[in-house]
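Residue numbers (UniProt numbering): 1 to 648. Heads up, the beta-carbon is just placed ideally off N, CA and C, and yes, glycines get one too. Remember, it's a predicted structure, so these values are computed and weren't measured experimentally. Shown next, in structure tokens, is the structure this report addresses.
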């Protein structure tokens, strides 16, 4: 090749190249390889051990900055990713109970199915459609179970204190549609380490009523987490609304609500947002002392139950009620400051009205225009003196005008025109006023006299009467001529509440079901003895079920000074040859020597007595179930192996 000058690519020095091959830069020592190709010179640079040129920092800085940004973004989203992971992990790990272990529910279900709780099967659990816990007007707590065939069983839960139920035990009822805890005597606890502390597997649940006395949140968000599908809930009771956001959460989480009962409503919280619940028809809530015009926006609600004592202050302004013309049912609880019923006159669609504790009310005259009323309860408004409007309410089917302690001051008008009346709660002082109401099927009488009662002969014409409830407020009140009711052809059920009864067993040979309850059964059971008066003196072939609950003083024939007590008194049951179920619950009994008088009994309840020896029960050849908890039984073995359900 011809001599050629090239420039060193490393230091820029000029190099004279005379021939192809290896050459070194005389300045920096960089080794070069030069070859000629088609008149062009190609230079291959070999930096070998030569010093490296300084690298520009831009790319490195960009890389570091990008890495830093990515790390920051990752750290920001790390908690979210962690929650998502944990949520998925929890969902995957959720475990639900499949065997009933709660003792209270076990006792209830044992009675329902007639078998020991340990023998209950998955098929039994799946049959349960509804559970309810409530206290009746006798103050006794009942558990009610509804099965898939619509049959219902009520079981008394006699207790001295709050009853705690393991909430996770409800998980076994996979087909449960309704759960109603309507009394704070029941506490549901969710504190299991083995199972999910929710009702998340009850996918058919539509009705949920709870009390705010458990270890879970009853705010809308908390209840939404408790159930499997909040959007499927149609009835919700006990929800707590602490602030305005809770109303929004409630509407968002429970969009299908038809019935809503608010357990607590914070001050100045508007309920106007509930209008977004397009199917809402029933609302229960406390009123606000700051005004209640927000309720006027709920035009789709047909039934309201309103607490008129907000944060301890009685509501004084009820004018807003006049605008709720769409209402078909209205309840005003604790209407202490309500002085007149004039505001109700425009409510022409009302069919049901209940006003409790209206102590300032004096007249029912404004109700005369509400001719569509089917049900009226003014039994706790005891200062009423003018009741004449009642005679104009000819469509009434249900009427309450007294309570267990007091009757209204005024005298009832003639009610003979109320030909549709089927249920009545009244004082014994009003026998003459309602005796002509031949259509009555269910009658509750509040007996408040000392000594002799009113004369029951006046009621002998109520030939459609099916149920009679007698509430005795005074000790030793003696029913006068109560045997005159023995000829009532339709009467089948009798309930008596009172500290010493009485049980007029001999006066009702036609009744099939009798229940007698001590007056103060929850707070402190009656320490008096139950009086059986009059006792039967002939064969009774109708009575199949007798329940005596809460008389720690025992049972006796006749009044004060009687020497015929307990087993001797119960021997009169020998007249009741059809008796199949006998409950002697918390009756102070010490022995069972009376059982020879009840040879046909199949179900016997002796819970809460002082029984030690149950050997007399071996004589009951038809006995198939014995409830005997809370005794001091020493020989339970004598009944084992006989095919008898023993619930200790």
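So is residue i buried or exposed if we call it buried at 16+ other beta carbons inside 10 Å?
{"i": "residue 166", "result": "buried"}
{"i": "residue 453", "result": "buried"}
{"i": "residue 450", "result": "exposed"}
{"i": "residue 515", "result": "buried"}
{"i": "residue 536", "result": "buried"}
{"i": "residue 634", "result": "exposed"}
{"i": "residue 560", "result": "exposed"}
{"i": "residue 471", "result": "buried"}
{"i": "residue 528", "result": "buried"}
{"i": "residue 385", "result": "exposed"}
{"i": "residue 639", "result": "buried"}
{"i": "residue 539", "result": "exposed"}
{"i": "residue 379", "result": "buried"}
{"i": "residue 556", "result": "buried"}
{"i": "residue 267", "result": "exposed"}
{"i": "residue 109", "result": "buried"}
{"i": "residue 427", "result": "buried"}
{"i": "residue 371", "result": "exposed"}
{"i": "residue 265", "result": "buried"}
From residue i to residue j, what does the alpha carbon distance come to, in whole angstroms?
{"i": "residue 284", "j": "residue 637", "result": "53 Å"}
{"i": "residue 487", "j": "residue 457", "result": "11 Å"}
{"i": "residue 566", "j": "residue 224", "result": "53 Å"}
{"i": "residue 508", "j": "residue 485", "result": "7 Å"}
{"i": "residue 324", "j": "residue 333", "result": "17 Å"}
{"i": "residue 49", "j": "residue 24", "result": "Unreliable placement is indicated for residue 49, whose pLDDT of 41 sits below 50; no coordinate value is reported for it."}
{"i": "residue 46", "j": "residue 8", "result": "At residue 46 the pLDDT is 45, less than 50, meaning the model places this residue with poor confidence; the figure from the coordinates comes in the next sentence. Their backbone Cα atoms lie some 12 Å apart in a straight line."}
{"i": "residue 124", "j": "residue 150", "result": "14 Å"}
{"i": "residue 590", "j": "residue 255", "result": "57 Å"}
{"i": "residue 413", "j": "residue 399", "result": "13 Å"}
{"i": "residue 476", "j": "residue 504", "result": "13 Å"}
{"i": "residue 197", "j": "residue 496", "result": "41 Å"}
{"i": "residue 393", "j": "residue 377", "result": "13 Å"}
{"i": "residue 111", "j": "residue 205", "result": "24 Å"}
{"i": "residue 632", "j": "residue 568", "result": "21 Å"}
{"i": "residue 313", "j": "residue 352", "result": "26 Å"}
{"i": "residue 645", "j": "residue 626", "result": "6 Å"}
{"i": "residue 210", "j": "residue 276", "result": "23 Å"}
{"i": "residue 463", "j": "residue 328", "result": "32 Å"}
{"i": "residue 301", "j": "residue 330", "result": "11 Å"}
{"i": "residue 348", "j": "residue 305", "result": "18 Å"}
{"i": "residue 474", "j": "residue 447", "result": "8 Å"}
{"i": "residue 506", "j": "residue 483", "result": "8 Å"}
{"i": "residue 308", "j": "residue 337", "result": "8 Å"}
{"i": "residue 343", "j": "residue 155", "result": "43 Å"}
Please determine, among the options, the residue with the shortest C-alpha to C-alpha distance to residue i.
{"i": "residue 114", "options": "205, 581 and 428", "result": "581"}
{"i": "residue 584", "options": "577, 548, 315 and 563", "result": "548"}
{"i": "residue 258", "options": "267, 291 and 298", "result": "298"}
{"i": "residue 335", "options": "315, 352 and 327", "result": "315"}
{"i": "residue 401", "options": "593, 372 and 355", "result": "355"}
{"i": "residue 102", "options": "544, 117 and 347", "result": "117"}
{"i": "residue 641", "options": "629, 381 and 624", "result": "624"}
{"i": "residue 649", "options": "343, 367, 381 and 375", "result": "Because the chain here runs from 1 to 648, residue 649 falls outside it and cannot be looked at."}
{"i": "residue 360", "options": "100, 330 and 408", "result": "408"}
{"i": "residue 530", "options": "552, 148, 544 and 171", "result": "552"}
{"i": "residue 588", "options": "601, 630 and 602", "result": "630"}
{"i": "residue 648", "options": "107, 593, 550 and 418", "result": "107"}
{"i": "residue 202", "options": "193, 190 and 230", "result": "230"}
{"i": "residue 643", "options": "603, 227, 250 and 21", "result": "603"}
{"i": "residue 511", "options": "492, 518, 446 and 164", "result": "492"}
{"i": "residue 404", "options": "444, 368 and 417", "result": "444"}
{"i": "residue 339", "options": "410, 326, 346 and 366", "result": "366"}
{"i": "residue 498", "options": "192, 517 and 96", "result": "517"}
{"i": "residue 121", "options": "248, 158, 290 and 174", "result": "174"}
{"i": "residue 145", "options": "105, 466, 119 and 424", "result": "105"}
{"i": "residue 417", "options": "170, 490, 168 and 397", "result": "397"}
{"i": "residue 184", "options": "172, 162 and 190", "result": "162"}
With a threshold of 7 Å between beta carbons, is residue i in contact with chain C?
{"i": "residue 511", "result": "Going by chain labels, chain C is absent from the structure shown, which holds only one protein chain."}
request  = Take every Cβ of the region 382 to 395, pair it with every Cβ of the region 437 to 454, and state whether three or more of those distances are shorter than 8 Å.
outcome  = no
ask   = Hey, which unbroken runs of the beta strand (DSSP E) at 3 residues or more fall wholly within the region 367 to 440?
value = 375 to 377, 398 to 400 and 423 to 427
Ordered list of beta strand (DSSP E) runs contained in the region 206 to 265, each at least 3 residues = 207 to 209, 235 to 241 and 259 to 265
Cβ contact (3+ pairs, closer than 8 Å) linking the region 558 to 578 and the region 602 to 615 = no
ask   = Taking the runs of the alpha helix (DSSP H) that are 4 residues or longer, which of them lie wholly in the region 552 to 632?
value = 566 to 570
query = In chain order, which beta strand (DSSP E) runs of at least 3 residues are fully inside the region 426 to 514?
reply = 442 to 447, 452 to 455, 467 to 472, 478 to 480 and 493 to 497
task = Would you be able to state if there are at least three C-beta pairs under 8 Å between the region 178 to 196 and the region 117 to 133?
result = yes
task = Would you check if the region 211 to 218 and the region 241 to 251 touch, i.e. whether three or more CB-CB distances between them fall below 8 Å?
result = no
ask   = Can you list the alpha helix (DSSP H) stretches of 4 or more residues lying completely in the region 298 to 336, in chain order?
value = none
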